[in-house]
Amino acid sequence: MTDSRTPPSFQLAYVPGVTPTKWVRIWKERLTDVPLTLVPVDPAEAPALLRGGGADAGFVRLPIDRTDLSAIPLYTETTVVVIPKDHLMAAAEELSLADLEDDIVLHPLDDTLGWEQLPGKAALQRPETTADAIELVAAGIGVLVVPQSLARLHHRKDLTYRTLLDAPESRVALAWPEAEVTPDLVEEFIGIVRGRTVNSSRGRGRTQPEPEPKKAKPQRKPAPRSGGKPAAKNPRSGAPKGGKATAKSTGKRGKPRGR
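The opening residue of the sequence shown carries number 15 in the numbering used here; numbering runs sequentially from there.
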């Protein structure tokens with residue numbers, strides 16, 4: 015956290031599977047004088063870390079205990095089932111919970127999907143972490159249902175994953191300690207995540223736009239007066255310049271019509 019006696023800095027926590035690269039890059043472009051430090055944290059420990067001042071803000075997975083915390087839901091992840099590449103279900107592009115009824119479905123202690131009832135057959139013991147569960151899937155002991163980002167994070171050549179259509183979904187949110195007034199740096203990061211421009215009315219990194227000069231109104235040409243000079247005539251045809259010669263202006267008669 016920051017205070018008035020130390021140079022400003024910003025600590026950003028994030029849970030496994032979340033990739034804050036884009037937002038960190040924008041921060042470094044806008045706030046060149048404020049270093050940002052990434053703090054990896056387990057999903058279950060993220061709320062306590064934020065309340066204790068271990069980070070100014072953090073990406074968490076909902077639901078969490080929101081006591082003394084503010085949070086903005088950002089996006090919902092696709093849920094997938096991780097299986098061995100030679101598993102029968104690997105032949106399908108999408109699966110449902112009913113397809114898992116004959117398999118052991120591993121349920122790690124750090125799971126954040128919030129199951130009301132786990133599909134398939136329960137394992138004798140719950141793995142400590144998602145990483146431990148991945149190892150068990152590779153050993154052929156069961157399958158694992160996780161957000162897609164975690165399947166990518168723990169990618170192995172001998173494993174694959176398929177979309178699970180009717181499973182619970184994981185929501186990712188930006189959370190920070192609740193306060194009467196949101197700190198400037200937290201407000202700045204909220205703006206970056208929400209897509210505010212650098213000249214937004216909020217945020218420390220904004221710049222004041224210069225006022226645009228007033229454009230002069232185009233002046234209209236005055237209409238010619240009724241008593242003005244007559245239009246100049248073409249010396250050859252006698253017609254006004256720019257106009258077509260007529261029989262009346264040239265004094266010549268047209269050919270008579272045939273009867």
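Cβ coordinates follow ideal geometry from the N, Cα and C atoms, glycine included.
query: N-terminal and C-terminal residue of the alpha helix (DSSP H) that residue 35 is part of; result: 35-44
query: DSSP state of residue 64 mapped onto helix, strand, coil; result: helix
query: Range of the contiguous alpha helix (DSSP H) that encloses residue 27; result: Element bounds for residue 27: not the alpha helix (DSSP H) but the beta strand (DSSP E), 24-28.
query: Cβ pair residue 123, residue 149 closer than 7 Å; result: no
query: Closest Cα partner of residue 191 within the set 203, 34, 132, 81; result: 81
query: Reduced DSSP secondary structure (H/G/I, E/B, other) of residue 176; result: strand
query: C-alpha distance - residue 8 paired with residue 86, whole-angstrom precision; result: Given that the chain is displayed from residue 15 to residue 273, the structure contains no residue 8 and the question cannot be resolved.
query: Assigned secondary structure, residue 127 (DSSP; H/G/I helix, E/B strand, else coil); result: coil
query: Distance, residue 70 Cα to residue 62 Cα; result: 12 Å
query: Nearest candidate by alpha-carbon position, reference residue 48, set 33, 67, 34, 24; result: 24
query: Residue burial classification, residue 169 (beta-carbon count within 10 angstroms, cutoff 16); result: exposed
query: Extent of the continuous beta strand (DSSP E) run through residue 84; result: 83-90
query: Alpha carbon of residue 117 to alpha carbon of residue 102, nearest angstrom; result: 11 Å
query: Rounded distance between the beta-carbons of residue 94 and residue 160, thought under 8 Å; result: 7 Å
query: For residue 133 and residue 114, the rounded distance between their alpha carbons; result: 6 Å
query: N- and C-terminal bounds of the beta strand (DSSP E) containing residue 94; result: 93-98
query: Cα-Cα separation between residue 144 and residue 83, rounded to whole angstroms; result: 26 Å
query: Counterpart residues of residue 118 in DSSP-defined beta bridges; result: 135
query: Residue 205 in three-state terms, based on DSSP; result: helix
query: For residue 129, the nearest candidate out of 137, 205, 181, 28 (CA to CA); result: 181
query: Through-space distance from residue 121 to residue 53, alpha-carbon basis; result: 26 Å
query: Backbone CA spacing between residue 64 and residue 147 [nearest angstrom]; result: 27 Å
query: Where residue 200 sits in the DSSP three-state scheme; result: helix
query: Beta-carbon contacts of residue 273 that lie in its chain and below 6 Å, excluding the five residues immediately before and after; result: Any reading at residue 273 must be qualified, since the residue scores a pLDDT of 43, below 50, and its modelled position is unreliable; no value is offered.
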